[in-house]
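*Asks:* By numbering that gives the first Met the number 0, the letter at position 361 of the sequence shown is numbered 360, and the numbering carries on one by one without gaps. Each residue gets a CB set at the ideal place from its N, CA and C atoms; glycine is no exception. Sharing a structure with you now.
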Amino acid sequence: MLEALKKNPRFNKRKGPVVLVILDGVGFGKYKDGDAFLNAWKPNLQRLMDESPMTKLKAHGLAVGMPSNDDMGNSEVGHNAIGSGRVFAQGAKLVSDAIANGSMFEGKTWKDLIKNCLDKNSTLHFLGLFSDGNVHSHIDHLKAMLEKAAAEGVKKVRIHTLLDGRDVPETSALEYIRPFEEFLASLNKDGRDFRIASGGGRMFITMDRYGANWDMVKKGWDVHVRGNGHYFKNAEEAVTSLRNETHAIDQDLPPFVISDDGKTPVGPIKDGDSVIYFNFRGDRAIEITAAFEEDSFDRFDRSPRPNVLYAGMMEYDGDLHVPKRYLVNPPTIDRTVDEYLCASGVRQLAISETQKFGHVTYFFNGNRSGKFDDKLDDYVEVPSDVVPFEQRPWMKCAEITDKVCEAIKSGKYDFIRLNFANGDMVGHTGIYQSVIIAINALDICVERIRKDVAAAGGVMVISADHGNSDDMIEHDKKGNVLLNPEGRPASKTSHSLNPVPCIIYDPDYKGEYAKELNEGLGISSLAATCIELLGFNAPEGYDPSVLNTNT
Numbered sequence: 000m001l002e003a004l005k006k007n008p009r010f011n012k013r014k015g016p017v018v019l020v021i022l023d024g025v026g027f028g029k030y031k032d033g034d035a036f037l038n039a040w041k042p043n044l045q046r047l048m049d050e051s052p053m054t055k056l057k058a059h060g061l062a063v064g065m066p067s068n069d070d071m072g073n074s075e076v077g078h079n080a081i082g083s084g085r086v087f088a089q090g091a092k093l094v095s096d097a098i099a100n101g102s103m104f105e106g107k108t109w110k111d112l113i114k115n116c117l118d119k120n121s122t123l124h125f126l127g128l129f130s131d132g133n134v135h136s137h138i139d140h141l142k143a144m145l146e147k148a149a150a151e152g153v154k155k156v157r158i159h160t161l162l163d164g165r166d167v168p169e170t171s172a173l174e175y176i177r178p179f180e181e182f183l184a185s186l187n188k189d190g191r192d193f194r195i196a197s198g199g200g201r202m203f204i205t206m207d208r209y210g211a212n213w214d215m216v217k218k219g220w221d222v223h224v225r226g227n228g229h230y231f232k233n234a235e236e237a238v239t240s241l242r243n244e245t246h247a248i249d250q251d252l253p254p255f256v257i258s259d260d261g262k263t264p265v266g267p268i269k270d271g272d273s274v275i276y277f278n279f280r281g282d283r284a285i286e287i288t289a290a291f292e293e294d295s296f297d298r299f300d301r302s303p304r305p306n307v308l309y310a311g312m313m314e315y316d317g318d319l320h321v322p323k324r325y326l327v328n329p330p331t332i333d334r335t336v337d338e339y340l341c342a343s344g345v346r347q348l349a350i351s352e353t354q355k356f357g358h359v360t361y362f363f364n365g366n367r368s369g370k371f372d373d374k375l376d377d378y379v380e381v382p383s384d385v386v387p388f389e390q391r392p393w394m395k396c397a398e399i400t401d402k403v404c405e406a407i408k409s410g411k412y413d414f415i416r417l418n419f420a421n422g423d424m425v426g427h428t429g430i431y432q433s434v435i436i437a438i439n440a441l442d443i444c445v446e447r448i449r450k451d452v453a454a455a456g457g458v459m460v461i462s463a464d465h466g467n468s469d470d471m472i473e474h475d476k477k478g479n480v481l482l483n484p485e486g487r488p489a490s491k492t493s494h495s496l497n498p499v500p501c502i503i504y505d506p507d508y509k510g511e512y513a514k515e516l517n518e519g520l521g522i523s524s525l526a527a528t529c530i531e532l533l534g535f536n537a538p539e540g541y542d543p544s545v546l547n548t549n550t
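In structure tokens form, the structure reads like this:
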């Protein structure tokens with residue numbers, strides 16, 4: 000148990016709660032064209048930005064533990080940083096380092112997976128997100144493992160590709176498939192048979208999270224494991240045909256199975272095989288892992304469930320120890336905000352809709368399931384709609400706001416943290432009009448919360464975990480708008496590298512800090528900021544607050 004935080008004699012805690020509003024996927028873009036946050040009608044947010052202390056925070060690259068500043072931030076690492084108050088090396092960097100120094104291949108899990116295939120003359124399967132987006136996975140990690148498997152004598156490999164179009168351009172799948180097929184051809188000698196076996200869009204199959212839509216996982220199971228689905232001779236033919244048939248972008252393409260004769264799949268997962276789920280990020284890995292590992296499983300009919308040796312790229316849940324086997328140790332995150340506040344007797348509420356519920360709980364708490372104190376921690380999940388987000392861009396922000404306003408008025412909580420998913424989830428669709436509506440909805444909700452914060456005598460901190468809605472159109476390196484084949488601006492569905500807001504709305508401000516906030520910080524500084532606004536000194540080792548108290 001951590002020691003209680005020390006009171007800050009220079010700061011008087013406000014009567015009401017500190018409310019941390021995380022506008023998921025909202026940042027400040029470089030270009031007016033495609034910046035839905037800039038261009039949306041948002042009078043309430045604009046007034047807060049104009050009249051309240053505000054600064055911009057870094058939310059990508061080294062500031063959130065990614066390998067380089069060319070790497071986008073994401074909701075997982077963003078909430079890790081916000082909740083822990085420090086920056087930890089994250090999945091992408093940890094995996095890259097483990098491959099570079101060879102430690103992955105020296106570990107027991109890798110050795111067991113390879114030995115299983117060699118001893119049984121069975122197939123090694125790789126399943127995961129097929130791109131270099133570096134948010135959930137990286138294709139270079141897959142290539143490195145394939146090369147090592149070939150060098151260690153594995154003869155048969157099957158790859159099950161989850162098409163991206165979300166963390167990378169929306170119709171870029173063939174830009175990965177074509178060179179990858181050439182790469183496989185270079186490995187296919189000396190009796191080796193390495194092939195793509197199945198695939199489909201990441202938002203259509205396999206990569207569900209938080210139990211929002213288990214049917215996605217079932218569809219993935221059917222094609223990856225059973226080999227049941229629409230047959231094509233190769234992945235390029237599948238993508239081309241399915242695009243022409245559905246007009247969907249990559250993330251929404253239906254599943255496909257590769258078959259040479261149109262009757263028999265080339266790579267179903269069978270008894271005795273080894274399976275590696277090569278995504279390093281945990282939220283969209285838990286459910287497919289459960290389908291492979293759990294004996295008592297009732298989400299869908301898995302029969303026949305093959306007896307395989309299954310491993311994840313990382314441990315996706317450190318408390319539940321899921322999966323049982325993994326290749327790379329995740330970051331060890333300790334001394335989180337929630338844990339410190341529980342040790343200090345602070346009553347807390349964490350709330351979001353299903354799509355981001357795990358982010359304000361599990362990821363915020365350092366990849367930890369469960370509560371630090373059942374008496375002080377309350378979690379509220381608002382069930383998400385199971386519809387395409389562009390069709391209902393307001394999502395559940397009104398329902399979340401209802402509950403947050405009720406919590407503020409109750410006087411029960413000292414610290415409330417919430418996530419509005421709209422800017423990110425709708426941003427990923429690439430539908431600009433829908434993102435504009437999403438920002439409109441957020442503006443209404445933020446104003447409702449502001450009024451109740453003011454009435455309660457509290458403080459509202461508005462920020463984000465990364466950008467997305469601020470960068471909805473592809474630009475070249477010179478800033479020119481890129482066009483799609485139809486001659487229209489090419490939609491961008493990935494996160495941005497842009498900074499995010501940090502707004503301090505403090506109606507009872509009494510000069511305890513300068514109205515000019517500290518600049519050049521990352522989103523990890525939000526932890527110390529909230530702790531100081533609660534009347535405590537930030538813990539030793541936390542990244543500095545945005546509040547400049549040297550006045």
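In three-state terms, what does DSSP make of A3?
*Replies:* The answer is coil: DSSP assigns A3 none of H, G, I, E or B.
*Asks:* Quick check on the DSSP output: what are the complete beta strand (DSSP E) runs of length 3 or more inside the stretch 178–239, in order along the chain?
*Replies:* With a minimum length of 3 residues, the continuous beta strand (DSSP E) runs that stay inside the stretch 178–239 are 192–200.
*Asks:* DSSP state of F125, grouped into three classes?
*Replies:* Residue state, collapsed to three classes: strand.
*Asks:* On the DSSP bridge assignment, give the partners of Q347 in chain order.
*Replies:* Answer is D376 and F414.
*Asks:* Threshold first: 3 residues or longer. Then list the beta strand (DSSP E) segments lying entirely within the stretch 244–314, N to C.
*Replies:* Those beta strand (DSSP E) runs which fall completely within the stretch 244–314 and span 3+ residues are 255–257, 273–276 and 308–313.
*Asks:* Could you name the residues of the same chain whose beta carbon sits closer than 7 Å to that of F10, not counting the 5 residues immediately before and after it, in chain order?
*Replies:* E511, E531 and G534.
*Asks:* Hey, G90 and M313: beta-carbon distance below 8 Å or not?
*Replies:* Yes.
*Asks:* Can you tell me which of C341, G466, D376 and Q354 puts its alpha carbon nearest to the alpha carbon of A3?
*Replies:* That would be C341, whose Cα lies nearest to the Cα of A3.
*Asks:* Which residue marks the beginning of the alpha helix (DSSP H) containing R78, and which one marks its end?
*Replies:* In the sequence as presented, Arg is not what sits at residue 78; that position holds His. S74 to S83 is the span of the alpha helix (DSSP H), which, as asked, contains H78.
*Asks:* Can at least three beta-carbon pairs, one atom from the stretch 472–482 and one from the stretch 29–41, be found at a separation below 8 Å?
*Replies:* At 8 Å Cβ cutoff, the stretches touch.
*Asks:* Pull up the distance between the alpha-carbon of V134 and that of S493, whole angstroms please.
*Replies:* Cα-Cα distance, rounded: 10 Å.
*Asks:* Between L348, V327, D270 and A437, which lies nearest to S302 when the distance is taken from Cα to Cα?
*Replies:* Cα-wise, what sits closest to S302 is D270.
*Asks:* Just verifying my parser: in three-state terms, what is the DSSP assignment at L173?
*Replies:* The answer is helix: DSSP assigns L173 an H, G or I state.
*Asks:* Would you please state the rounded distance, in angstroms, between the beta carbons of A420 and K355? I believe it to be under 8 Å.
*Replies:* At roughly 4 Å, the Cβ-Cβ gap stays under 8 Å, so A420 and K355 are in contact.
*Asks:* Do the CB positions of R194 and R157 come within less than 8 Å of each other?
*Replies:* Cβ distance < 8 Å, so R194 and R157 count as in contact.
*Asks:* Quick one: using the 10 Å Cβ neighbour count with 16 as the cut-off for buried, is E169 buried or exposed?
*Replies:* Classification of E169: buried, given that the 10 Å Cβ count is 16 or more.
*Asks:* With V18 and G456 assumed to form a contact (beta carbons below 8 Å), what rounded beta-carbon distance in angstroms separates them?
*Replies:* V18 to G456, Cβ: 12 Å. No contact.
*Asks:* Could you tell me the distance, in whole angstroms, from the CA atom of L482 to the CA atom of T245?
*Replies:* Taking the straight line from one Cα to the other gives about 21 Å.
*Asks:* List, from N- to C-terminal side, the beta strand (DSSP E) runs of 3 residues or more that fit wholly inside the stretch 412–462.
*Replies:* If we require 3 residues or more, the beta strand (DSSP E) runs fully inside the stretch 412–462 come out as 414–419 and 458–462.
*Asks:* Judging by CA-CA distance, which residue of G106, K119, S351 and A149 is the nearest neighbour of V94?
*Replies:* Comparing Cα-Cα distances from V94 to each of G106, K119, S351 and A149, the minimum goes to G106.
*Asks:* Would G521 pass as a contact of L56 if the rule is Cβ separation under 8 Å?
*Replies:* Yes, these two residues count as a Cβ contact at 8 Å.
*Asks:* Under the three-state reduction of DSSP, which class applies to V63: helix, strand or coil?
*Replies:* DSSP places V63 in helix when its eight states are reduced to three.
*Asks:* Using the DSSP secondary-structure output, state which residues sit across from L22 in a beta bridge.
*Replies:* According to DSSP, which records beta bridges pairwise, L22 is partnered with F419.
*Asks:* Between the stretch 246–254 and the stretch 278–291, are three or more C-beta pairs nearer than 8 Å?
*Replies:* Flag = no, the stretch 246–254 and the stretch 278–291 do not touch.
*Asks:* Cβ of G64 within 8 Å of Cβ of D464?
*Replies:* No.
*Asks:* So, is the C-beta of G357 closer than 8 Å to a C-beta in chain D?
*Replies:* Of the protein chains in the structure, only one exists, and it is not chain D.
*Asks:* Report all residues from its chain with a CB closer than 7 Å to the CB of D221; omit the five preceding and five following residues, and keep chain order.
*Replies:* Within the same chain, D221 has close Cβ partners N227 and G228.
*Asks:* Where does Y504 fall in DSSP's three states?
*Replies:* Of the three classes helix, strand and coil, the one that applies to Y504 here is strand, per DSSP.
*Asks:* So if DSSP puts R157 in a beta bridge, which residue, or which two residues, is it bridged to?
*Replies:* Bridge partners of R157: H124 and R194.
*Asks:* Given this structure, state the Cα-to-Cα distance separating R177 from C444, to the nearest angstrom.
*Replies:* Taking the straight line from one Cα to the other gives about 45 Å.
*Asks:* Looking at the strands, I want to know which residues DSSP matches up with T335.
*Replies:* Looking at the DSSP assignment, T335 forms no beta bridge with any residue, so it has no partner.
*Asks:* Between D139, M53, R165 and A489, which lies nearest to A99 when the distance is taken from Cα to Cα?
*Replies:* Among D139, M53, R165 and A489, the Cα nearest to that of A99 belongs to D139.
*Asks:* Once DSSP output is grouped into helix, strand and coil, what is the label at K55?
*Replies:* Reduced to three states, the DSSP call for K55 is strand.
*Asks:* Anyone know if the C-beta pair for I503 and V20 falls short of 8 Å?
*Replies:* No; because the gap between Cβ atoms is not below 8 Å, this pair is not in contact.
*Asks:* Counting along the chain, where does the alpha helix (DSSP H) carrying L44 start and finish?
*Replies:* Note, L44: alpha helix (DSSP H), P42 to E50.
*Asks:* Between the alpha carbons of A35 and Y508, how many angstroms are there, rounded?
*Replies:* Distance between the alpha carbons of A35 and Y508 is about 32 Å.
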